[in-house]
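Residue numbers (this note's numbering): 11 to 211.
Think of the CB as a built atom: it goes at the ideal place given N, C-alpha and C, for glycine as much as any other residue.
Working notes, structure below.
Here's what the structure looks like:
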């Protein structure tokens, strides 16, 4: 299967695409984590991360997408079909001069929307402690889980979408390459809103 973008340069505020196999566009998708399609968009330097849920209409997927900064972006379609998970990727550009950020130094703490999120690694498990005003926060269900973690490897931006361990919405078992560096994006819901914390490892 391949991810076929309706355009390779974003000129409008909508991205359209199809997932194609040898027979043409695919139409049979499973529901996973409450959605049939998860779309991740991020610039090649790790900036501008977005997690979208396109709508399927007239044989194609469409999602509103605004990318204010110029540069080269990577688009990931994360879905399941016939009980088997798949991730497909394609490139998208936004015309204009791009000022790419260097890969950040390793970080274990981020603040977002008034929340303090601390990464607590333990072997292959990455756990996150979330507080607000010094008080621990229990996350609310978001897409059928207590949190979602996306890891993107430096360089090739190899993609890993990790779901939490049973019974703990913010602990994730991962198998990251120990010789590589990663952008980590934790998404969690609290106060009825989805928040994104960013780390490097």
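DSSP, read as helix, strand or coil, puts residue 116 in coil.
Between the beta-carbon of residue 110 and that of residue 55 there is about 4 Å, and that keeps the pair under the 8 Å contact cut. Secondary structure at residue 148: coil, using DSSP grouped into helix, strand and coil. Annotation: the region 12-73 contains the following complete segments of the beta strand (DSSP E) (minimum length 3 residues), in chain order: 12-15, 24-31, 48-53, 60-62, 65-67. According to the DSSP secondary-structure assignment, residue 190 is paired through a beta bridge with no residue.
Between the region 15-35 and the region 92-111 there are three or more inter-stretch CB-CB distances shorter than 8 Å, so the stretches are counted as touching.
A straight-line Cα-Cα distance of about 7 Å links residue 157 and residue 173. Where residue 88 is concerned, the enclosing beta strand (DSSP E) starts and stops at 81-91. Annotation: residue 110 is outside any beta strand (DSSP E) and is labelled neither H nor E by DSSP. The three-state reading of DSSP puts residue 211 in coil, since its state is none of H, G, I, E or B. In this structure, the beta-carbon distance from residue 41 to residue 35 does not fall below 8 Å.
Per DSSP, the beta-bridge partners of residue 204 are 199. Taking the Cβ atoms as the reference, residue 171 lies roughly 5 Å from residue 160, within the contact range of under 8 Å. Annotation: the continuous beta strand (DSSP E) that includes residue 172 extends over 169-172.
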